[in-house]
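Worksheet: one structure, shown below.
In this note's numbering, the protein residues as written are -11 to 131.
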């Protein structure tokens, strides 16, 4: 199965993905029990998807890992698909994607970053100049 083929409310998903990023975990309390949850970004050759990590899975998974999800579940939150293991699924690290790992640990490309910064500064300046030419005076101008 591939990420591009996933549909909301789909169960019994078996898929292998590369972990691109793992966000910070947060604690929660439900029915008197404490748990942890974190979001990760997973990808394959067809796309990417948010991956929900619960409790012990948070400590097992890191950026650059290749992960096999068995009996996973796809949900939808605010129009965005999310993949998780649910109650009956499992997640196993089966290796690492060296390419993804290198992307995540590579030093920043300062020249490229500088170019992007300069382009955004130029665009901002253009917007400011247009606003000076014709300032917004009422609600009609906003539409």
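The beta carbon of each residue, even a glycine, is placed where N, CA and C say it ideally should be.
* Asked: Who are the near neighbours of residue 36 in its chain, counting only those whose CB is closer than 8 Å to its CB and skipping five residues on each side?
  -> As a working note, residue 36 is residue 48 in the chain shown. So the list reads -9, 8, 29 and 30, once near-sequence residues are dropped.
* Beta-ladder partner(s) of residue 28, from DSSP -> In the chain shown, residue 28 corresponds to position 40, counting from 1. For residue 28, which the question treats as bridged, DSSP gives the partners 10 and 39.
* Within this structure, are the beta carbons of residue 49 and residue 81 separated by less than 8 Å? -> Taking the first residue of the chain shown as position 1, residue 49 is located at position 61. Taking the first residue of the chain shown as position 1, residue 81 is located at position 93. Contact flag set, yes.
* Asked: In whole angstroms, what is the alpha-carbon distance linking residue 27 and residue 110?
  -> Position 39 of the chain shown, counting from 1, holds the residue named residue 27. Position 122 of the chain shown, counting from 1, holds the residue named residue 110. Their backbone Cα atoms lie some 34 Å apart in a straight line.
* For residue 22, I'd like the list of residues in its chain whose CB is within less than 8 Å of its CB, leaving aside the five on either flank, ordered along the chain. => Mapped onto the chain shown, residue 22 falls at position 34. Same-chain partners within the cutoff: 15 and 16.
* Taking the Cβ atom as the reference point for each residue, do residue 59 and residue 77 lie within a distance shorter than 8 Å? -> Working through the chain shown from its first residue, we reach residue 59 at position 71. Working through the chain shown from its first residue, we reach residue 77 at position 89. Yes. Within cutoff.
* Asked: Between the Cα of residue 4 and the Cα atoms of 69, 64, 53 and 98, which residue gives the shortest distance?
  -> Taking the chain shown and counting its residues from 1, one reaches residue 4 at position 16. The shortest C-alpha separation from residue 4 is found at 53.
* residue 101 - containing alpha helix (DSSP H), residue span -> On the chain shown, position 113 is the one that residue 101 refers to. It spans 98 to 121 - the alpha helix (DSSP H) in which residue 101 sits, taken as one unbroken run.
* Asked: Among the residues of its own chain, which have a CB less than 7 Å from the CB of residue 68, if the five just before and after it don't count?
  -> The residue labelled residue 68 in the question sits at position 80 within the chain shown. The answer, listed in chain order, is 38.
* By Cβ distance below 6 Å, which residues in the same chain neighbour residue 6 in space, the five residues on each side in sequence not counted? -> Taking the first residue of the chain shown as 1, we reach residue 6 at position 18. Only 31, 54, 85 and 88 meet the Cβ criterion.
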